[in-house]
Amino acid sequence: MLSLKTAKAAGDFDHYPDSMGVLVDVNRCVGCRSCEAACNKEQGLPEPEKPFNDYSVFDEGHEGGGHGGVGRRTDETRYTVVNKYEVPEIDHPLYRKSQCNHCLEPACLTSCFVNAYTKTPEGAVIYNPDVCVGCRTCMIACPFYVPAFKYSSAFSPRVMKCIFCYDTRLKEGRPPACVEACPQEAMTFGKRFDLLEIGRKRIRQHPDKYVNHIYGEKEAGGTAWMYLSPVEFGEVGFDVHVPHEPVINFVRDFLSIVPMVLVIWPALFAGFHLLANRKDAQHNHDDIDREGGE
Amino acid sequence: MPLRKKWCMMWGIAAGVVLLWAGQGRAIDRSDAPETVTIGLLAELYDPVEFNHTAHIEMVECSDCHHHTVGTVTKRWNCIKCHDNPQEGDTVGCSDCHPLDRFGSRYLATLDNPELYHKEKPGLKGAFHLNCVGCHQEQGGPTGCEDCHTMNETGEKRFNAGPYTPAR
Ligand code: SF4
Ligand code: SF4
Chain A
1 MLSLKTAKAA GDFDHYPDSM GVLVDVNRCV GCRSCEAACN KEQGLPEPEK PFNDYSVFDE
61 GHEGGGHGGV GRRTDETRYT VVNKYEVPEI DHPLYRKSQC NHCLEPACLT SCFVNAYTKT
121 PEGAVIYNPD VCVGCRTCMI ACPFYVPAFK YSSAFSPRVM KCIFCYDTRL KEGRPPACVE
181 ACPQEAMTFG KRFDLLEIGR KRIRQHPDKY VNHIYGEKEA GGTAWMYLSP VEFGEVGFDV
241 HVPHEPVINF VRDFLSIVPM VLVIWPALFA GFHLLANRKD AQHNHDDIDR EGGE
Chain B
295 MPLRKKWCMM WGIAAGVVLL WAGQGRAIDR SDAPETVTIG LLAELYDPVE FNHTAHIEMV
355 ECSDCHHHTV GTVTKRWNCI KCHDNPQEGD TVGCSDCHPL DRFGSRYLAT LDNPELYHKE
415 KPGLKGAFHL NCVGCHQEQG GPTGCEDCHT MNETGEKRFN AGPYTPAR
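Listed in order, the protein sequences are those of chains A and B.
71 is the number that my numbering gives to position 71 of the first sequence; each next residue is one higher, with no gaps.
So the mapping is simple: my numbering equals the position in the second sequence, first residue as 1, plus 294.
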């Protein structure tokens, strides 16, 4: 029942042909953090630890050095972060902004048992805090580690993640606050369909400046926020192992197992119990044998 | 801020960056160019920038910033394909072509025109920064935000800077 319903809802997403997206160009970003500051104010997030024009934050999260350090991550206090990357082939640092990618078939949504998430026709993945039970399944399901939680009381868990400025801007046709704040136009806001065209054109016209890939065109089944980069995406902190298939396809398989597991759970449990006892019995037996052998 | 007031401000700013020359002849004479241009585009967060136009004229070609609009040929191969014999435009200000509200729905709707070639034209803020910062990076000019922009109080609030720095 549950799996059928979820699968149907997920299948409807590509019927939003005019949905909006953002194309982030790593070539253009200068790491000014104006986007972080704008997001913090727009979303009424807590005061940051350091001012937004303090660039020492770029050293955070790289402890351990090399590519082991992932930089800063988005969390319940910051829906977007910019990280800095030094790459051998370019003589200046690169910067990359990250936030929820607003997947076309969001794993957070499909994994949610109470349907707290919605993918809006405009392209945003939003959530309803009133129905969320705080189970954190979405947190595990998201291939980009985006959803975070705030527990103001034990009974009111709240998902905290970028909502594409849906209620204050996107639904009125305005770009999100970060896009508007960016001096470099590192983010291009537009119809996802047009953004793909723009991305391909930039790659075609400047083959020396871009790798031939738009991250998010296919990743996780396609995302509304996509990226262009001058170097291989793995070098600027992207997970290049995110499958191109929407995560729903795996979730669907998993969900179809859930009812089955519930049905056979008593039998399974009895089985585990027997096995464990047998093992214990075996143990005792071994001990006796060993003692006997000495 | 009420929408009307905001619009007035935006247009005021736009008007501020429009450079009008009543130039004669094919290409605008450098001596007709203004000495400084006040750019108040980010006035909400930073004091207006007094752009030293004269100093920049000494360093770069007109077409490096004004493309084909001042009657000089640009060096970009992709532009020359059409703009190989440029005439001086009526107005040569950045805001005459680069939209202030690049991602507003009104401007985005104009991009649906299938005949439109210049679909990727940056907005005014993007045009300034991409051109200025790009050249400054190459030529070793200043590139820090506050090298050119002095933050005002609203800016300090936005960035949690100055007197609004978080207490730790
Ligand atoms: S990036 Fe994660 S949180 Fe955002 S829509 Fe995709 S799965 Fe959901
Ligand atoms: S505002 Fe733009 S240039 Fe500045 S850090 Fe954010 S994405 Fe990069």
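All C-beta atoms in this analysis are idealised placements derived from N, C-alpha and C, irrespective of residue type, glycine included.
Fair warning: this is a prediction, and the values are worked out from it, not measured in the lab.
So, does the CB of Cys-439(B) fall closer than 8 angstroms to a CB anywhere in chain A? For the purposes of this step, residue 439(B) is identified with residue 145 of the second sequence, where counting begins at 1. True, the Cβ-Cβ gap to chain A drops below 8 angstroms.
Show which residues of chain B have a CB atom less than 8 angstroms away from the CB atom of Ala-37(A). For the purposes of this step, residue 37(A) is taken as the residue at position 37 of the first sequence. Simply Arg-452, Phe-453 and Asn-454.
How would you call Phe-233(A), buried or exposed, if buried means at least 16 neighbouring beta carbons within 10 angstroms? On the first sequence, position 233 is the one that residue 233(A) refers to. Buried, since its Cβ has 16 or more Cβ neighbours within 10 Å.
Ser-3(A) CB to nearest chain B CB: under 8 angstroms? The count along the first sequence starts at 1 and reaches residue 3(A) at position 3. Only weak support exists for where Ser-3(A) lies, its pLDDT of 43 falling under 50; the value from the coordinates is given anyway. Closer than 8 angstroms: no.
Taking 8 angstroms as the CB-CB cut-off, is Thr-448(B) touching chain A? Sequence index remark: in the second sequence, residue 448(B) carries index 154 (1-based). So, not an interface residue.
If we define contact as Cβ-Cβ less than 8 angstroms, is Phe-345(B) a contact residue for chain A? Looking up residue 345(B) in the second sequence gives position 51. Not one chain A Cβ lies under 8 angstroms of Phe-345(B).
Go to Asn-372(B), then tell me how far its alpha helix (DSSP H) extends in each direction, as first and last residue. To locate residue 372(B), count along the second sequence from 1; it is residue 78. Going by DSSP, Asn-372(B) is part of the alpha helix (DSSP H) stretching over 371–374.
Given that Gln-43(A) touches chain B, what residues does it touch there, using C-beta distances under 7 angstroms? Within the first sequence, residue 43(A) is the residue found at index 43, counting from 1. Annotation: Gln-43(A) has no Cβ neighbours in chain B at a cutoff of 7 angstroms; minimum Cβ distance is about 13 angstroms.
Taking the Cβ atom as the reference point for each residue, do Asn-372(B) and Gln-205(A) lie within a distance shorter than 8 angstroms? Walking along the second sequence from the start, residue 372(B) turns up at place 78. Walking along the first sequence from the start, residue 205(A) turns up at place 205. The Cβ-Cβ distance between Asn-372(B) and Gln-205(A) falls below 8 angstroms.
Using 8 angstroms for Cβ pairs, my map puts Val-30(A) next to Tyr-95(A). What's the rounded Cβ distance? As a position in the first sequence, residue 30(A) is number 30, starting the count at 1. As a position in the first sequence, residue 95(A) is number 95, starting the count at 1. Right, the Cβ-Cβ distance comes to about 7 angstroms (below 8 angstroms), so this counts as a contact.
So does the region 71–90 of chain A actually touch the region 102–109 of chain A, counting three or more Cβ pairs closer than 8 angstroms? Touching, no.
Could you say which of Leu-410(B), Val-331(B) and His-361(B) lies nearest to Asp-349(B) if we only look at CA atoms? Position 55 of the second sequence, counted from the start, is the residue given in the question as residue 349(B). The question names Asp, but residue 349(B) in the sequence shown is Ala. The candidate whose alpha carbon is nearest that of Ala-349(B) is Val-331(B).
What in chain A is Cβ-close to Asn-372(B), meaning under 9 angstroms? Taking the second sequence and counting its residues from 1, the one referred to as residue 372(B) is at position 78. What Asn-372(B) touches in chain A: Gln-205.
Between Cys-182(A) and the rest of its own chain, which residues show a CB-CB distance below 7 angstroms, the 5 nearest in sequence each way excluded? The residue labelled residue 182(A) in the question sits at position 182 within the first sequence. Result list for Cys-182(A): Ser-34 and Cys-35, in chain order.
With 8 angstroms as the C-beta to C-beta threshold (strictly closer), list the residues of the region 395–412 of chain B near chain A in chain order. Residues Arg-396, Phe-397, Gly-398, Ser-399, Leu-402 and Leu-405.
Would Phe-397(B) and Phe-189(A) be called neighbours here (beta carbons separated by less than 8 angstroms)? Here residue 397(B) refers to the residue found at position 103 when the second sequence is read from its first residue. Here residue 189(A) refers to the residue found at position 189 when the first sequence is read from its first residue. Taking 8 angstroms as the Cβ cut-off, Phe-397(B) and Phe-189(A) qualify as a contacting pair.
Using a threshold of 7 angstroms, is the CB atom of Pro-48(A) nearer than that to any non-hydrogen atom of ligand 2? Counted from its first residue, the first sequence places residue 48(A) at position 48. Answer for Pro-48(A): no, Cβ out of range of ligand 2.
Taking the alpha carbon of Tyr-85(A) as the point to measure from, which residue in Ser-229(A), Cys-138(A) and Glu-245(A) has its own alpha carbon closest? Locating residue 85(A) in the first sequence gives position 85, counting from the first residue. When only C-alpha atoms are compared, the closest one is Ser-229(A).
Can you find a C-beta in chain A that's less than 8 angstroms from the C-beta of Gln-318(B)? As a first step, residue 318(B) must be located in the second sequence, where it is residue number 24. With a pLDDT of 37 at Gln-318(B), under the threshold of 50, the modelled position of this residue cannot be trusted; read the value that follows with caution. It does not: the Cβ of Gln-318(B) has no partner Cβ on chain A nearer than 8 angstroms.
Starting from the N-terminal side, write out each stretch of the beta strand (DSSP E) that is 3 residues or longer and does not extend beyond the region 74–105 of chain A. List check, beta strand (DSSP E) in window: 81–85 and 94–98.
Residues of the region 140–171 of chain A whose Cβ lies closer than 8 angstroms to any Cβ of chain B, in chain order: So the list is empty, because no residue satisfies the distance condition.
Where Gly-383(B) and Thr-366(B) are concerned, what is the direct C-alpha to C-alpha distance, given to the nearest angstrom? Sequence index remark: in the second sequence, residue 383(B) carries index 89 (1-based). Sequence index remark: in the second sequence, residue 366(B) carries index 72 (1-based). C-alpha of Gly-383(B) to C-alpha of Thr-366(B): approximately 11 angstroms in a straight line.
According to DSSP, simplified to helix, strand and coil, what is Ile-198(A)? Working through the first sequence from its first residue, we reach residue 198(A) at position 198. If DSSP states are grouped into helix, strand and coil, Ile-198(A) belongs with the helices.
Given a cut-off of 8 angstroms on the beta-carbon distance, is the pair Cys-138(A) and Arg-158(A) in contact? For the purposes of this step, residue 138(A) is taken as the residue at position 138 of the first sequence. For the purposes of this step, residue 158(A) is taken as the residue at position 158 of the first sequence. No; because the gap between Cβ atoms is not below 8 angstroms, this pair is not in contact.
How about Cys-165(A) and Glu-42(A): are their beta carbons less than 8 angstroms apart? Indexing the first sequence from 1 puts residue 165(A) at position 165. Indexing the first sequence from 1 puts residue 42(A) at position 42. Taking a C-beta distance under 8 angstroms as the contact criterion, Cys-165(A) and Glu-42(A) qualify as a contact pair.
Cβ of Val-81(A) less than 8 angstroms from any chain B Cβ? The residue you call residue 81(A) lines up with position 81 of the first sequence. Taking Cβ atoms only, chain B never reaches closer than 8 angstroms to Val-81(A), which makes this a no.
Scan the region 151–210 of chain A and note each continuous alpha helix (DSSP H) run of 4 residues or more that stays entirely inside, going in chain order. With a minimum length of 4 residues, the unbroken runs of alpha helix (DSSP H) contained wholly in the region 151–210 of chain A fall at 177–181 and 192–205.
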